[in-house]
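Q: Handing you a structure now.
Protein chains in written order, with our numbering: chain G, 194 to 295; chain H, 194 to 295.
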């Protein structure tokens, strides 16, 4: 499967971020056609103690073609616009291919 | 579940990195007692084109207690030592809690 990975740095106001993320951004994103699964992980620290990161979201698509098609939909554009509005400075986006599972 | 996330920046020599990662580092890491699942994702780009990152590895444990216990084992120490040797400058480690699956 192909997944879009969104990694968010720690926001200044975590509560405001989470409120927007879980109540507004995630519901908008979940509507993107072709999205198979969305997995959210809270970053709670690192083996060294604190982490610079706050949240990781993995959004699964069948393949690169489905992903590209999905990104052209109005729903994806709405999600992207919302993302840039509340977390443009915090987010890093990556496209990944799962290669192994054991 | 609790997961240890290792995110690797792009190495200078991708082939040498992958050779060490898949043939040496992953087999050492898979031996850590308490590790339930290890999921490796190749980063192949970003919606904007290139990505600064190369690989994401997610290592699942039952809970924080199991994870802490695992980190104290000889196997985890061997994995950590190997990691610092080949990718100390490239890796970011995060501890995460999965909060949602849809």
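Using N, Cα and C, we set each Cβ at its ideal position, and we do this for glycine too.
Reducing DSSP to helix, strand and coil, say where residue 276 of chain H ends up.
A: helix
Q: From the DSSP output, which residues share a beta bridge with residue 198 of chain G?
A: G:251 and G:287
Q: Between residue 246 of chain G and residue 274 of chain G, which are expected to be in contact by the criterion C-beta below 8 angstroms, what is the C-beta distance as a whole number of angstroms?
A: Not quite, the Cβ-Cβ distance comes to about 23 angstroms (not below 8 angstroms), so this is no contact.
Q: Check whether the segment 252-269 of chain H and the segment 210-219 of chain H touch, using three or more Cβ-Cβ pairs below 8 angstroms as the test.
A: no
Q: Any beta-carbon of chain G closer than 8 angstroms to the one on residue 221 of chain H?
A: no
Q: At 8 angstroms on the CB atoms, spell out the chain H contacts of residue 276 of chain G, in chain order.
A: Here the premise fails: no neighbours, minimum Cβ distance about 10 angstroms.
Q: Out of H:226, H:213, H:205 and H:199, state which residue places its alpha-carbon closest to the alpha-carbon of residue 255 of chain H.
A: H:226
Q: Starting from residue 300 of chain H, find everything on chain G with Cβ-Cβ shorter than 7 angstroms and list it in chain order.
A: Because chain H here runs from 194 to 295, residue 300 of chain H falls outside it and cannot be looked at.
Q: Give me the DSSP bridge partner(s) of residue 239 of chain G.
A: G:242
Q: Is it true that the CB of residue 231 of chain H sits closer than 8 angstroms to the CB of residue 236 of chain G?
A: no
Q: With residue 262 of chain H as the anchor, note down where its alpha helix (DSSP H) starts and where it stops.
A: 257-264
Q: Can you tell me which of G:289, G:279 and G:285 puts its alpha carbon nearest to the alpha carbon of residue 205 of chain G?
A: It is G:279.
Q: Over what stretch of residues does the alpha helix (DSSP H) that includes residue 220 of chain G continue unbroken?
A: Looking at the DSSP string, the run of the alpha helix (DSSP H) that includes residue 220 of chain G is 219-223.
Q: With DSSP as the reference, label residue 207 of chain H as helix, strand or coil.
A: helix
Q: If you drop the 5 nearest sequence neighbours on each side, which residues of the same chain put their C-beta closer than 7 angstroms to that of residue 238 of chain G?
A: 244.
Q: Taking buried to mean at least 16 other C-beta atoms within 10 Å of its own C-beta, is residue 251 of chain G buried or exposed?
A: buried
Q: DSSP three-state label for residue 295 of chain H, please.
A: For residue 295 of chain H, the pLDDT reaches just 48, beneath the cut-off of 50, and the residue's location in the model is therefore unreliable, leaving the point undetermined.
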